[in-house]
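Participant:
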Amino acid sequence: MHVSFSASCFIFGVFLVNDEMGAAVMLAELAVEAGLPNGVLNIVHGSNEIFNAICDDDDVKAISFTGLNVAGTYVYARASAKGKRIQSNVGAKNHAVVMSDASVDATSNALVAAGFGAAGQKCMAHSTVVLRKCI
C-alpha cells in the first residue's frame, strides 16, 4: 500500500489488486466514520497505468511512496522526471535488538507479532534480530 499527499488530500494507492485491497478500503471506511470529509482520502487500486497517471498529472505536486524497491524506484524516476517533489522510502531493513535480560516468552511473542503481523506486509516489519546474549 502506498500513500501520496497533494493539496491536502490523500491518495492511498494499492499497487497490485490482491488481498491487500481490503485493508485500504476498511481504512477509508473508518476514516469517513471518524468524520473525515469525502474526497480527502481516496483509494486507488491499480498498476503502472494508474500510478503513471498520478505521476504525470500536473496538478499533483508531490508524492510520498513507501513500498518495494522496484516499485519505489519506478515511481521515484517517473515522478522526478516530471519535476515533482518525491519521497521514496523503499526496502526498509528494520532490526530488533534483544537484550540479555529479556523475558523469553514476552520477547518471542513481540518478535513474531512485529515480524509477521499483517502477514509481513508492512514497512516496519523487522528482517533482522540481534541477540545481545543467547537467552
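Quick note on numbering: the sequence shown equals residues -24 to -1, 1 to 111 in mature numbering (1 follows the signal peptide of the UniProt record, and there is no 0).
Glycine included, each C-beta is placed from N, C-alpha and C at the ideal position.
1. Could you spell out the range, first to last residue, of the beta strand (DSSP E) harbouring N70?
2. Between I62 and I39, how many whole angstroms is the CB-CB distance? I'm expecting something under 8 Å.
3. Given H102, which residues of its chain have a CB within under 7 Å of its CB, disregarding the five upstream and five downstream residues?
4. Could you pull the start and end residues of the beta strand (DSSP E) that S103 belongs to?
5. What residues are listed by DSSP as bridge partners for G43?
6. Just list the residues that DSSP pairs R61 with in beta bridges.
7. I'd like the list of long-range same chain contacts for K60, defined as Cβ closer than 8 Å, with 5 residues on each side in sequence excluded.
8. Closest to L17 by CA distance: which of N28, L3 and S23 is it?
9. CB-CB under 6 Å to T83, same chain, minus the five flanking residues each way: which ones, in chain order?
10. Applying the criterion that 16 or more other CB atoms from any shown protein chain within 10 Å of the CB defines a buried residue, is A57 buried or exposed?
11. Is it buried or exposed, K79, if we count other Cβ atoms within 10 angstroms and call 16 or more buried?
12. For the alpha helix (DSSP H) containing D81, name the first residue and the last one.
13. If you reduce the DSSP assignment to three classes, tell me which class A(-1) lands in.
14. Should R54 be counted as a contact of the ligand MG given a C-beta to heavy atom distance under 7 Å?
Facilitator: On the basis of the coordinates in this document:
1. Where N70 is concerned, the enclosing beta strand (DSSP E) stretches over N70 to V74.
2. Contact flag correct, Cβ pair sits at about 5 Å.
3. N70, H71, A72, A90 and G91, listed in sequence order.
4. Going by DSSP, S103 is part of the beta strand (DSSP E) stretching over H102 to L107.
5. G43 is bridged to V66.
6. Partner(s): A38.
7. Apart from the 5 residues on each side of it in sequence, K60 sits with its Cβ closer than 8 Å to the Cβ of C31, V36, K37, A38 and I39 in its chain, given in chain order.
8. Of the listed residues, the one whose Cα sits closest to L17 is L3.
9. Only V74 meet the Cβ criterion.
10. If you draw a 10 Å sphere on the C-beta of A57, you find fewer than 16 other C-beta atoms in it, and that means exposed.
11. This sequence places Ser at residue 79; Lys is not what is there. Counting Cβ neighbours within 10 Å, S79 comes out exposed, since fewer than 16 surround it.
12. Taken as a continuous stretch (DSSP letters only), the alpha helix (DSSP H) holding D81 covers V80 to F92.
13. Three-state DSSP puts A(-1) in a helix.
14. Absence of the ligand MG is noted for the structure shown, with no ligands found whatsoever.
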